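Its first residue numbered 1, the sequence shown is counted upward by one per residue in full-length UniProt numbering. Structure first, then comments.
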Amino acid sequence: MEVPLQSEPPDLPVGWRFHPTDFELLDHYLKKKRLGHAIAAYGFNFGEFQLCNFDPLNLPDSPDKEWYFFCRPEIYLENGRAKRKRKAMDGSWRWTGKVQSVINEYSHEKIGTRKILVYHDPKPTKWVIHEYEYTADLNLPTEVKVLHFILLLSYRRHAVYKSIAFGKLLHCLLDCVKIS
1 MEVPLQSEPP DLPVGWRFHP TDFELLDHYL KKKRLGHAIA AYGFNFGEFQ LCNFDPLNLP
61 DSPDKEWYFF CRPEIYLENG RAKRKRKAMD GSWRWTGKVQ SVINEYSHEK IGTRKILVYH
121 DPKPTKWVIH EYEYTADLNL PTEVKVLHFI LLLSYRRHAV YKSIAFGKLL HCLLDCVKIS
């Protein structure tokens, strides 16, 4: 499977990372993609990929901790309601938490949403997607075709074991500080 992967471009100084805010992802990247404009991100490749159709364990290894993709949402009808396809080969991507509004940093108006999805196989795994959708009006003439894309940020959470109580963890950390 050919998956577009990105890595740190060589022309950035050491220590610089591509870490845009939610507003920047929507306003500078997703909005332009929906309008059909070219995306320039200093050598970063925002590939088009139906990530929700694949088991994340089958994706190739990458030195990157976060992957950014554009995706055309696949819609199907269930009981007369339109739903997005998020079923993968062996599991599915499920919402967790509330849908967050993304606010324009300058006008303070809502421009889109961010949903967090976790991969279940059948139990929750450490794989997470942030699904961004630009929902603001683009104020374009009706004859201009607007492409429907969403932007996905995918990553694998660090291993955090919930079975360790916070007090025990704090106690272990304090013991480590005393030893050193």
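C-beta atoms are modelled at their ideal positions from N, C-alpha and C, and glycine is treated no differently. None of these values were measured; they are calculated from a predicted model.
Residue 151 holds the alpha-carbon nearest to the alpha-carbon of residue 22 among 157, 151, 156.
Under the DSSP assignment, residue 34 falls in the alpha helix (DSSP H) whose first and last residues are 31 to 34. Around the beta carbon of residue 27, 16 or more other beta carbons sit within 10 angstroms, so the residue counts as buried. Going by C-alpha positions, residue 102 is about 9 Å away from residue 133. Distance from the Cα of residue 95 is smallest, within the candidate group 73, 131, 67, for 131. By the Cβ neighbour-count rule, residue 77 is exposed, with fewer than 16 other Cβ atoms within 10 Å of its own. Spatial neighbours of residue 39 in its own chain (CB-CB distance under 7 Å, excluding positions within 5 residues in sequence) are listed in chain order as 29, 32, 33, 46. Exclusion of the five residues before and after residue 52 leaves 86, 93 as the residues of its chain whose Cβ lies within less than 6 Å of its Cβ.
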